[in-house]
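Just below is one structure, and these are the notes that go with it.
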Amino acid sequence: MVDKVTEAAVVGGMDTHKDLHVAAVVDQNNKVLGTQYFSTTRQGYRQMLAWMTSFGTLKRIGVECTGTYGSGLLRYFQNAGLEVLEVTAPDRMERRKRGKSDTIDAECAAHAAFSGIRTVTPKTRDGMIESLRVLKTCRKTAISARRVALQIIHSNIISAPDELREQLRNMTRMQLIRTLGSWRPDASEYRNVTNVYRISLKSLARRYLELHDEIADLDVMIAAIVDELAPELIKRNAIGYESASQLLITAGDNPQRLRSESGFAALCGVSPVPVSSGKTNRYRLNRGGDRAANSALHIIAIGRLRTDAKTKEYVARRVAEGHTKMGNDSNLLIVFYVQIMPDDLVMQLHRF
11 MVDKVTEAAV VGGMDTHKDL HVAAVVDQNN KVLGTQYFST TRQGYRQMLA
61 WMTSFGTLKR IGVECTGTYG SGLLRYFQNA GLEVLEVTAP DRMERRKRGK
111 SDTIDAECAA HAAFSGIRTV TPKTRDGMIE SLRVLKTCRK TAISARRVAL
161 QIIHSNIISA PDELREQLRN MTRMQLIRTL GSWRPDASEY RNVTNVYRIS
211 LKSLARRYLE LHDEIADLDV MIAAIVDELA PELIKRNAIG YESASQLLIT
261 AGDNPQRLRS ESGFAALCGV SPVPVSSGKT NRYRLNRGGD RAANSALHII
311 AIGRLRTDAK TKEYVARRVA EGHTKMGNDS NLLIVFYVQI MPDDLVMQLH
361 RF
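Converting from the sequence shown to the numbering used here requires adding 10 to each position, the first position being numbered 1.
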């Protein structure tokens, strides 16, 4: 064991998995001191921390997948007062040189944390925005399941016997769903094809209604969180709860990790990227970033194109200058981001 008075600083790296995590430690010269497997339990976390600190004072830790398999590690290390960085996967050239294994990935994470490359400050995932993210994920799956149920209902009606199809003509969606849900087919008559269609349609309709109620309940909770966290944002033209909640989720519970508004713009995929060469001097829209946040901004921009006079004037001016529709869409996202983000999202998030 190194003398506590003179012990050197070390840096850890984690390759995370469902059942086992792999830890690696490098010294102050970025030399690997050791690798070890640990279970994904609290006891395993304690053993991992004790093992890493046996090499010296733990300066920081690089962890892969802090939003999934590494989320438990992130919370444990942060509660222990340690600096944790999220490490992205090694680039392809590095993989071709060294190959791929759990220990190699852990060592790469430690090297990245040591040098500060391929690292970002992870989301804390311990506040109301994490609650918002979980609710949004649940809502998304419920909407998908409701859509599938409706598609199967229409498919079954198309192939159903004529007598059933005639009963279900010229109905709105909810009229159709409620009519099917009120049916009382005899479950013992499963040999009769017409009756089986009734059983199937009733089951699907009830599933649709249950999911419809579930989505409505989730919407109430999502709206309450958004109203509390960003009341000014939701008041802006063409910004609804879906779009606002996604922008909040992208920023995270600790927006202080976003060092500048240009960084958040890049995170949303709405930052200008230079594509100049020779006499050509132009920019294109960033194609990276969080695509869900980019989609939210796109939906807001579409709404403003229909309802906001300034947005309409901007697009008309761009068209008059000879710019293409794609170019207008790209510039509109950038301009729109600049208009709403400084006062309404980033600054507001920093307050809480």
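We put the beta carbon where it would ideally sit given N, CA and C, even for glycine.
Which partner residues does residue i have in the DSSP bridge list?
| i | result |
| --- | --- |
| residue 321 | DSSP output for residue 321 lists no bridge partner at all. |
| residue 96 | 73, 130 |
| residue 290 | 287 |
Does the beta-carbon distance from residue i to residue j come in below 8 Å?
| i | j | result |
| --- | --- | --- |
| residue 226 | residue 240 | no |
| residue 139 | residue 223 | no |
| residue 83 | residue 55 | yes |
| residue 259 | residue 251 | no |
| residue 38 | residue 19 | yes |
| residue 217 | residue 159 | yes |
| residue 273 | residue 123 | no |
| residue 280 | residue 295 | yes |
| residue 119 | residue 73 | yes |
| residue 219 | residue 152 | no |
CB-CB under 6 Å to residue i, same chain, minus the five flanking residues each way: which ones, in chain order?
| i | result |
| --- | --- |
| residue 134 | 263, 264 |
| residue 7 | No answer is possible for residue 7: the residues shown for the chain start at 11 and end at 362. |
| residue 214 | 159, 162, 163 |
| residue 65 | 20, 35, 43 |
| residue 137 | 263 |
| residue 235 | 138, 142 |
| residue 115 | 25 |
| residue 58 | 33, 48 |
Once you ignore the five residues that flank residue i on each side, which residues in its own chain have a CB closer than 8 Å to its CB?
| i | result |
| --- | --- |
| residue 256 | 146, 302, 303, 305, 306 |
| residue 200 | 206, 209 |
| residue 356 | Low confidence applies to residue 356: its pLDDT is 46, below 50, so where it sits in the model is not reliable, and the reading given next is rough at best. The residues are 261, 265, 268, 271, 274. |
| residue 149 | 225, 228, 229, 232 |
Tell me which residue opens and which closes the beta strand (DSSP E) that residue i is part of.
| i | result |
| --- | --- |
| residue 294 | 293-295 |
| residue 69 | 67-73 |
| residue 24 | 19-25 |
| residue 36 | 30-36 |
| residue 46 | 42-49 |
Assign residue i to buried or exposed, taking buried as 16 or more other Cβ atoms, counted over all protein chains shown, within 10 Å of its Cβ.
| i | result |
| --- | --- |
| residue 26 | buried |
| residue 298 | exposed |
| residue 125 | exposed |
| residue 49 | exposed |
| residue 90 | exposed |
| residue 28 | exposed |
| residue 51 | exposed |
| residue 284 | exposed |
| residue 80 | buried |
| residue 311 | buried |
| residue 331 | exposed |
Excluding sequence positions up to five away, which residues of its chain have a Cβ less than 7 Å from the Cβ of residue i?
| i | result |
| --- | --- |
| residue 210 | 166 |
| residue 212 | 190, 191, 193, 195 |
| residue 363 | Nothing about residue 363 can be reported from this structure: the residues present for the chain run from 11 to 362 only. |
Say whether chain B places a C-beta atom closer than 8 Å to the C-beta of residue i.
| i | result |
| --- | --- |
| residue 155 | Absence of chain B from the displayed structure is noted, only one protein chain being present. |
By the DSSP assignment, the alpha helix (DSSP H) with residue i in it spans what residues?
| i | result |
| --- | --- |
| residue 203 | 203-239 |
| residue 283 | Not the alpha helix (DSSP H): residue 283 falls in the beta strand (DSSP E), residues 282-284. |
| residue 164 | 138-169 |
| residue 89 | 81-89 |
| residue 172 | 172-177 |
| residue 379 | There is simply no residue 379 to check, as the chain begins at 11 and stops at 362 in what is shown. |
| residue 246 | Here residue 246 belongs to no alpha helix (DSSP H), and DSSP marks it neither H nor E. |
| residue 192 | Unbroken run through residue 192: none, as it is neither H nor E. |
| residue 256 | 251-261 |
| residue 115 | 112-125 |
| residue 273 | 271-277 |
| residue 181 | Note, residue 181: premise wrong, no alpha helix (DSSP H); not H, not E. |
Does the ligand SAH have a heavy atom nearer than 7 Å to the CB of residue i?
| i | result |
| --- | --- |
| residue 218 | For the ligand SAH, the structure offers nothing, since it holds no ligand at all. |
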